[in-house]
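These notes concern the structure reproduced below.
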Amino acid sequence: MEKKVMYFEKPGKDNTEACLQVVRNAIKDSKYKYIVIASTEGDTGLLFSEALKDSGINIVVVTHSAGFKGANTLEMPSEIRKKIESTGAKVYTGTMITHNIETAFATKFNGLYPTLIVAQSLRRYGEGPKVCCEIVMMAADAGLIPEGEEVLAVAGTAKGADSVLVIRSAASKRFLELRVLEILAKPRG
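When the count follows the numbering used here, it moves up by one through the sequence shown with no breaks and lands on 260 for the last residue.
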C-alpha cells in the first residue's frame, strides 16, 4: 500500500485548511464513517462540521473539559456549540484522558504519574497526534463512536488543525488496543 502524507513545516492553525482538504480526500477515497475533531473554542469544529455536513460521516467535536482554564469555565461559547450541532455534528465536553486528576497530584506533589507519561510519550509525534489519540478515546468513552472502527481524527497545536490520523478506536479502559493506523498529515517540527 502506498499513501501520501502531508508534512507541514511548522505546527499551528495555518495548516487548518490543508487538513480539511486531507480529510475531504480521505473521505472521498475510503469508507470512513466517523471523524473526531478537537476544538477548544469551536472555530475548527465549526469549520469542519459545516464543510462535512453533507458527507454522510458521523462528526464528533471534542472540547476541553469544563474548568480546564479555570473554575466554572467553558471555553466553547454556547452559540458556537449550537451552530456546530445545527450541522448534525455532536459536541462532547468531558474529562481529558491525559489531563485528569493525576495532573492535580503532579502539580501538588511534583510527581510523575502514568497518564502524564503516556501524554509525554505521545508528544514525541507532536501535540496534534497526541490529541488525536485522546479525543478518539474520549469520544469512545462517551459512546459517540464505536470501538474497533477506523476513525479519522483531527487536532492541532494550540489553535486550528495541523494533524490528521487514522486511528482504530478504543475506549480509554482499553487504551492498549488503540492503534494509530495512518498519519495523513502532521507538522515535521
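Yeah, the Cβ is synthetic: ideal placement off N, Cα and C, and Gly gets one too.
Practice task
Please report the residue range of the beta strand (DSSP E) in which Met208 lies.
Solution key: Element bounds for Met208: not the beta strand (DSSP E) but the alpha helix (DSSP H), 198-212.
Practice task
Could you tell me which residues DSSP pairs with Thr134 in its beta bridges?
Solution key: Thr134 is bridged to Thr164.
Problem - Simplified DSSP state of Phe79, which is helix, strand or coil - result: DSSP places Phe79 in the strand class (E or B) of the three-state scheme.
Handout entry: Cβ shell of Thr169 (< 8 angstroms), same chain only, five flanking positions each side left out
Key = For Thr169, where only same-chain residues beyond five positions count, the Cβ hits under 8 angstroms are Thr186, Leu187, Val189, Ala190, Leu193, Lys201, Glu205.
Practice task
Using only alpha-carbon positions, find the residue among Thr111, Ala213, Glu156, Thr228 that is nearest to Ala256.
Solution key: In terms of CA proximity to Ala256, Thr228 leads the group Thr111, Ala213, Glu156, Thr228.
Problem - Own chain residues within Cβ distance below 8 angstroms of Leu91, not counting five before or after - result: Taking Leu91 as the centre and dropping the five residues before and after it, the same chain places the C-beta of Leu118, Phe119, Ala122, Ala232 closer than 8 angstroms to its C-beta, in chain order.
Handout entry: Start and end residues, beta strand (DSSP E) containing Arg239
Key = Unbroken beta strand (DSSP E) run through Arg239: 234-239.
Handout entry: Close beta carbons around Ser240, own chain, < 6 angstroms, minus the five adjacent residues each side
Key = Result list for Ser240: Val207, Ala211, Ile216, Glu218, Glu220, Val222, in chain order.
Practice task
Use the C-beta contact count for Gly197: other C-beta atoms within 10 angstroms, 16 or more gives buried, fewer gives exposed.
Solution key: Gly197 should be labelled buried.
Practice task
Enumerate in chain order the residues of its own chain whose CB-to-CB distance from Leu249 is below 8 angstroms, with the five nearest sequence positions on each side excluded.
Solution key: Counting only Cβ-Cβ distances below 8 angstroms, and skipping sequence neighbours, we find Cys204, Val207, Met208, Ile238, Arg239, Ser240, Ala241.
Practice task
Identify which residue in Asp114, Tyr78, Ser126 has its Cα closest to the Cα of Ile98.
Solution key: Among Asp114, Tyr78, Ser126, the Cα nearest to that of Ile98 is on Ser126.
Problem - Glu220 in three-state terms, based on DSSP - result: Correct three-state label for Glu220: coil.
Problem - Burial state of Asn86 (16 or more Cβ within 10 Å) - result: Label assigned to Asn86: buried.
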